[in-house]
Amino acid sequence: MKIYSQGDQAIVVSIEKKVSKDLTEDLLALRTYLNERNYPFITEIVPTESDMMIIYDARDMIKHHHIQSPFLYMKALIESIQLEISHNDQNKEPIQIPIVYGDEYGPDLDALLKHFKIDKSQFIQLHSGSEYFVSMMGYSPGFPYLTGMNKKLYVNHTSTKKKFIPAGSVVIEGKKCGIVTTDTYNDWLVIGYTPLQLFFPNKTDFALLKLGDNVQFIAKEKNDLNLGDLKTCQS
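So, in structure tokens, the structure goes:
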């Protein structure tokens, strides 16, 4: 574990492991430990795939808690608790995401099939047969970065930038899969669509998926789902 400062009011804890479910659980356990103790000077905890930024109020620590070196205090705090944290190894049931692959719902799929030299049914089997977990949240509210995709589907950018990608689009990039939560534009490869809502702006708990959640894609035909008045991708 490495600990270093990020500016004058943040500390980064880097757990030296490759991106994995175990690493994500370590980060979640550390965040839970800190949240449960409700340190008044910790203002925000931001986990990523391989580390965690802990933001603190240095002025409050000095003025009200008589801590003369906020960084050294935070460093010592993390070092003192790293042996105490543990995570629950119980395997959570995956959250199922229905998905329609290809056609207007996944306009980049045909090009990917040619790139991988496989047919649509083989792609669906490889993609939906993988066990995913949420390794990071970001890009937009509730947007999950999903790790666990079959290595045979790893791909670099091959798409031109799209002017419009609707919420619900399932995308892949590199080793990752993601689900778009708000209408956007990007050069991701769009392989399919889910009508499942992942972002709820009017709720305090606004994201369906959370860091560490297990995810399973369930392949569906378009007639099996209520796709509503879908606005398709625009290049």
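Residue numbers 60 to 294, in the working numbering, belong to the letters of the sequence shown in order. Positions of the beta carbon are idealized from the N, C-alpha and C atoms, including for glycine. On a predicted model such as this, the values are computed, not experimentally measured, just so you know.
Cβ separation of residue i and residue j, assumed to be a contact under 8 angstroms, to the nearest whole Å
i	j	result
Y244	K221	6 angstroms
M111	L131	About 18 angstroms separates the two Cβ atoms, so there is no contact after all.
P254	L286	6 angstroms
G201	F265	6 angstroms
V274	I154	5 angstroms
Range covered by the beta strand (DSSP E) that runs through residue i
i	result
A278	N273 to A278
T102	I101 to P106
V23	Within the shown structure, residues of the chain are numbered from 60 to 294, placing residue 23 beyond reach of any answer.
Option in the options with minimal Cα separation from residue i
i	options	result
P106	P99, R90, N97 and D116	R90
S199	L212, L284, M60 and I238	I238
G271	R118, I114, N150 and S73	N150
L267	H123, I137, Y115 and I156	I156
Q184	V78, Q293 and L172	L172
F175	I74, V214, N273 and I70	V214
M60	I137, R118 and N97	I137
Per-residue burial, residue i [other beta carbons within 10 Å of its own, 16 or more giving buried]
i	result
A226	buried
A135	exposed
S127	The question names Ser, yet the displayed sequence has Gln at residue 127. By the 10 Å Cβ count, Q127 comes out exposed.
K279	buried
H186	buried
Y373	There is no way to answer for residue 373, as the model of the chain reaches only from 60 to 294.
G188	exposed
Residue range of the unbroken alpha helix (DSSP H) whose run includes residue i
i	result
P129	P129 to I140
M120	A117 to H124
K80	K80 to R96
For residue i, three-class secondary structure by DSSP
i	result
F175	helix
I183	helix
L212	helix
Y63	strand
L168	helix
K221	strand
N245	strand
E152	coil
Proximity test, residue i beta-carbon vs the ligand ADP heavy atom, cut-off 8 angstroms
i	result
F192	Inclusion of the ligand ADP in the displayed structure is not the case, the ligand content being empty and no account of it being possible.
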